[in-house]
Structures are given as structure tokens and as C-alpha cells.
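In full-length UniProt numbering, the protein residues as written are 1 to 440.
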């Protein structure tokens, strides 16, 4: 398998008919304001703006705007004061939903206190300030390494063991999907891209960036897609029909329901930090990050979603700015390894002292594994394949909304089509007699 780089997918939210907060940080115009945000939240040496350097991370996700801020070398650091921090400015979708921002803020704060995620240093309208952890993102080519499979499975198990103060029913993703579908079908106001409050200098900078993007792409800058075309794609992909069918399939399993747990819902490689510099045969010290999607959901969604991510590369440099190969989906043997490691970790007693930097030691190699003969791998395969279906369908729906909201350079329409290709391929595995789809 050829190594390929991979970036995080994106943050979703709920587009509502609400104006952005007046003090919100406008995403493309944020660099001049980051220092003042750090000064308010961090104080100390950070209170002097001249002490701070800010770098925009251009290779960030598809709807978050990421920045790194640090104190200059000559500035002394006070006790318990960070020299470097990571700033996340919410993208267009999350910024348009007050409920999503509140949920994300509470979620991140709790996980920060539990030291399951990075430390939270501060929040501001439109984003937050996080602990900067020396690390690198997990690479796409590392996903199939046995030690990586084990590490991710065991960390996912720990996340699933959390008791969080949110609704314990798997309605979070259903509600999000239905809001998006209502927009796509015309039952709600169509989504629209927020207009940032830009200075004239920023407008000139964006114009230069736009021109540079056009010069460095083979097909030029991709055109915006009108909403009527998006609605036609939703009909062609049968999004509403497939969603109603899948929701019914999930909910009618009353005798043997799929487990519902607190899920990350986006555990892919660029949301996993590698804290050491391992060789493939070494233990991977990892830390899951970016819990914006987290909430109670079917366990199979988290697992199937992660399996789906083995197939997608979002850092492809040319249009459509992603590449995919559905044949890279993990084999039954690889899935069995994942589930064995997951179940081994899930039965491990949770330790309150475990923090973000030593969790890998608690969940790493060692300890007694399950007797594989006691695991019903066929049932787990069904569970994760249903989760894979749900994941593909959700991100396809979400992607069509993104065509109208996101300002990130990415062909969301093509991505939706790729997701639905994966959806129908997985559906045929579960239901071999289902009619093949020629809608793509």
C-alpha cells in the first residue's frame, strides 16, 4: 500500500437562522486578534501583545481554522504558564449553531479535566485556546499497522466507557441528519455561507490567496455549486429514502439492540496524535483529540466510521482535494484484531489517575486478552458494518450542506458521491439481494 498523507475531515454543526455573536472572531480575519484573545485568557507574559507570535496552520481541517501562538524566545515563562498554545477558531457550520458551540465547549472542558484530551486554557466567542502537545498526527499509511490498530481500539474503548452528562439516547446524529435533510428537501431555510467581517486589508489578502489557488490547480478554482444542483444530487443519491430505511433498521433491533455509548464519532488518523517517534514494531503512544462530534451514539458508528477512514485521503493536492480507495477497508481479520483489542481494554478497570500523557501505558500491550472463542465476530461484523453505512450516509448528507456553507477549498459534492459509493458497497455486503445502485 502506497503511503499517503491524511488530514482531518471536518467539524459539523447545525445551521440555524441565527446571527453570529457580535464579538465573534471572523475566521479568515483572525490572526490580528489571536494575541488579544491569548492576553485575556492566559494573562501573565501573554498579556503583552508584543511578546506573542501567531502562526496560521494552513494544513488544518476542512472547517476549523487552526492557529499556533507562542511567546517569543526572549520572554521568560512564569510558573504554570505555557510557552506555546493551540487556538481553534470554529468554522462556518459550528459558528452558526449556538447549541453546538455550547455542547462542544462543555464536552471539551470535561475531557480536559479528565486529561483524556488536551488541557483547556480559555474560551472566547468563536473558538477556544488549547494545550499545545508536541506530537505529530498519525499518518494514513500507519492505520493498518497492528500496533496502531491495537492502540486506537484501546483508546476508543476508554472513550466508550465514559459517563458524560448528555442525553444517553442515540438521537444526537439522528437530529443532525434530519436538520440537514430538511434543508436539502426544502422543509427548512436553505443553508448559506456566513459573511465574515473583513477589513479591506484582509479582503486584499483573500483575493491574493484566491488567485494563487487558481494558479496552482490544474482545473482552476472550483466553482460554487448552486443549491438546486445540490438538491438534485440529494434526490439522485436517494439520501432521504436511505436515511429513513437505515434509521428503521437500527431502531427495530429491539431483541438484540446495538450498544449505545459515548462516542468520539470522528476517530480518524488526523484526530490521533502520536506522542513518540515509533517504528512500526514499537508501541504507539497516542492521544485522541478533536471531540467536536462526540456524543452518545451507536457503538458501531464509531467503529465503522473509523474503518471507513482507512479508505479516504483528504490531503490530495489537486481537485477534488481528496482521494479514496474503498478496497482499503479493513479485512475481516483486521476487524477481528480491532475488536479483540477493544474488548480487552473495555473490561479493564478505569483509573481516575490516568491522564493524557500516560493513558497509552495503561491501555498499551500487556494484560490478559479475551478468549477469542468467546467473541461473536460475526455479530460484531454486522454491528460495525451497519455503523459504516450510517457513517457514509451522514457524511454524504453533511457534505452537500457544506457546499453551501464552507469556504474551504474542497469538492464536497464529489466527496458526497464517494461516500455514497461506499455506502452502497457496504449495503450490498449486508443485504446481497438489495438492488444495485446506478445513481452515482
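Built from N, CA and C at the ideal position, the CB exists for glycine as well. If you're wondering where the values come from, they're calculated on a predicted model, not measured in any experiment.
So what's residue 341 in DSSP terms, helix, strand or just coil? Helix, per DSSP.
Which one of 229, 84 and 322 has the shortest CA to CA distance from residue 130? Nearest C-alpha to residue 130 among 229, 84 and 322: 84.
Whole-angstrom distance between residue 113 and residue 354, CA atom to CA atom: Reliability of the predicted coordinates at residue 354 is poor, the pLDDT of 43 falling under 50, and the value obtained from them is presented with this limitation in mind. Residue 354 and residue 113 have their C-alpha atoms roughly 11 Å apart.
Can you grab the Cα-Cα spacing for the pair residue 99 / residue 263, in whole Å? For residue 99 and residue 263, the gap between their C-alpha atoms comes out near 18 Å.
Alpha-carbon to alpha-carbon, residue 417 and residue 320: Straight-line Cα distance between these residues: approximately 12 Å.
Residue 69 beta carbon less than 7 Å from that of residue 54: Their beta carbons are under 7 Å apart, which means residue 54 touches residue 69 by this criterion.
So residue 84 is in the alpha helix (DSSP H); what residue range does that whole segment cover? Premise fails: residue 84 lies in the beta strand (DSSP E), 84-89, not in any alpha helix (DSSP H).
Starting from residue 415, follow the alpha helix (DSSP H) in both directions and report where the run begins and ends. Looking at the DSSP string, the run of the alpha helix (DSSP H) that includes residue 415 is 412-430.
If you compare alpha carbons, which of 292, 391, 409 and 231 is closest to residue 419? It is 391 whose Cα lies nearest to the Cα of residue 419.
Out of 395, 339, 165 and 329, which has the shortest C-alpha to C-alpha gap to residue 151? Measuring C-alpha to C-alpha distances from residue 151 to each of 395, 339, 165 and 329 identifies 339 as the nearest.
Tell me which residues share the same chain as residue 88 and place their Cβ nearer than 7 Å to its Cβ, disregarding the 5 neighbours each side in the sequence. Correct list, in chain order: 64, 66, 127, 128 and 130.
How far does the alpha helix (DSSP H) with residue 228 in it extend, from its first residue to its last? Following the DSSP letters along the chain, one finds residue 228 inside the alpha helix (DSSP H) bounded by residues 227-236.
In this structure, does DSSP put residue 257 in helix, strand or coil? Residue 257 falls in the coil class under three-state DSSP.
Inspect the beta-carbon positions of residue 341 and residue 139 and report whether they are closer than 7 Å. Against a cut-off of 7 Å, the Cβ pair of residue 139 and residue 341 comes out as no contact.
Just to confirm before moving on: does the CB-CB distance between residue 325 and residue 311 stay below 7 Å? Judged by their CB atoms, residue 325 and residue 311 are nearer to each other than the 7 Å cut-off.
Helix, strand or coil at residue 131 [DSSP, three-state]: Under the three-state reduction of DSSP output, residue 131 falls in the strand class.
Rounded separation between residue 132 and residue 430 - CA only: Each residue's Cα considered, the two are about 43 Å apart.
Length of the line joining the Cα atoms of residue 304 and residue 380: For residue 304 and residue 380, the distance between alpha carbons rounds to 10 Å.
For residue 169 and residue 156, I'd like the C-alpha separation in whole angstroms. Near 19 Å, if we compare the C-alpha coordinates of residue 156 and residue 169.
Three-state secondary structure (DSSP) at residue 263? In the structure shown, residue 263 sits in a strand (DSSP, three-state: E or B).
Residue 289 to residue 272, Cα distance in whole Å? Using only the alpha carbons, I get a separation of about 6 Å.
By the three-class DSSP mapping on this structure, what secondary structure does residue 286 have? Reduced to three states, the DSSP call for residue 286 is strand.
My output table needs one value for residue 313: the three-state DSSP class, helix, strand or coil. Assigned with DSSP and collapsed to three states, residue 313 falls in strand.
Please classify residue 137: does DSSP put it in a helix, a strand, or coil? Residue 137 falls in the strand class under three-state DSSP.
Short of 8 Å in beta carbon distance, which residues of its chain neighbour residue 57, apart from the five on each side in sequence? Order them along the chain. Excluding the 5 residues flanking it on each side, residue 57 has same chain C-beta neighbours closer than 8 Å at 66, 67 and 68, in chain order.
Burial state of residue 266 (16 or more Cβ within 10 Å): Under this definition residue 266 is a buried residue.
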